[in-house]
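Below is one structure, written out as structure tokens; the observations come after it.
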Amino acid sequence: MARERLVAAATELFATSGFGGTTTATIASAAGVSEGTLFHHFPTKRALLAEVGVREGDRVLGVAFAGLDPAAPPPDPETLIRALFHYAQQAPDAYRVFAMDGDQEDLEAGFAAKRERVTQGLAALLAGWSARGHLRRMDPEIVATLIFAIVDTAVRRLVLEDRWAEEDAWLREVVGAVRALLGARQAGADA
3 MARERLVAAA TELFATSGFG GTTTATIASA AGVSEGTLFH HFPTKRALLA EVGVREGDRV
63 LGVAFAGLDP AAPPPDPETL IRALFHYAQQ APDAYRVFAM DGDQEDLEAG FAAKRERVTQ
123 GLAALLAGWS ARGHLRRMDP EIVATLIFAI VDTAVRRLVL EDRWAEEDAW LREVVGAVRA
183 LLGARQAGAD A
């Protein structure tokens, strides 16, 4: 499908040449379609970047949250965070896309699409786990947003600054922060 090829080409080009350094003509050519076809699917380059963000959010959800059931007890956060760190190490371009040169508003639109996708998926899981007493009472949307911010910041530092030698320290601190945010429901706590 042309749409899929366009998203794949845009992801690769934005990661290597930056959003500002990539033209729609270059993306269309790399995808093997005309520029008119690109604009048929995406009215602007920013809209294409937002779709790249949505797709990346879906990949993150698939890596960390696939198969999780909000009715079952949640897994240990370390398992999920370790999976995300491994994914980032294997697919660093997914993080470079939103860190390359370009208009900040454009880059934020793409990153916001990713953040929204991931936090919605995580919030749904948190709501289920909280409602069943596996986690403390919480506002799942706020907690999901905070967890995303912590984990994504760590991953960006690891990828963009090539700090993989410090991975264990980052993992330990991120897991500690996420566990603190989630908090196990205390016996006798307000339900």
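3 is the number of the first residue of the sequence shown in this note's numbering; add one for each residue after it. Here a beta-carbon is modelled for each residue, glycine too, at the ideal position from N, C-alpha and C.
What is the DSSP secondary structure of residue i, reduced to helix, strand or coil?
{"i": "P45", "result": "coil"}
{"i": "E163", "result": "coil"}
{"i": "D78", "result": "coil"}
{"i": "P142", "result": "helix"}
{"i": "D71", "result": "coil"}
{"i": "E6", "result": "helix"}
{"i": "S19", "result": "helix"}
{"i": "G34", "result": "coil"}
{"i": "L137", "result": "coil"}
{"i": "A90", "result": "helix"}
{"i": "A151", "result": "helix"}
{"i": "P52", "result": "Pro is not the amino acid found at residue 52; the sequence shown has Ala there. Here A52 sits in helix by DSSP."}
{"i": "A85", "result": "helix"}
{"i": "T24", "result": "coil"}
{"i": "A11", "result": "helix"}
{"i": "Q188", "result": "For Q188, the predicted model reports a pLDDT of 38, less than 50, meaning its position is unreliable; a value from the coordinates is still stated below. Three-state result, Q188: coil."}
{"i": "A66", "result": "helix"}
Would you mind working out which of the options sits nearest residue i, comparing C-alpha positions?
{"i": "L82", "options": "A17, R134 and L173", "result": "L173"}
{"i": "E37", "options": "L128, A4 and A90", "result": "A4"}
{"i": "D154", "options": "G69, A85, A33 and L51", "result": "A85"}
Could you please give the first and the last residue of the uninterrupted alpha helix (DSSP H) stretch that includes residue i?
{"i": "S132", "result": "Q106 to A133"}
{"i": "G178", "result": "E169 to L184"}
{"i": "A96", "result": "D95 to R98"}
Give a single yes or no on whether residue i has its beta carbon closer than 8 Å to a heavy atom of the ligand MN.
{"i": "G34", "result": "As far as ligands go, the structure on display features none, and thus does not contain the ligand MN."}
Cβ contact (3+ pairs, closer than 8 Å) linking the region 44-58 and the region 133-146: no
The region 31-43 in contact with the region 143-150 per 3-pair CB rule at 8 Å: no
Given 8 Å, three or more beta-carbon pairs between the region 50-63 and the region 112-119: yes
Inter-stretch contact (C-beta, 8 Å, three-pair minimum) for the region 91-110 and the region 9-25: yes
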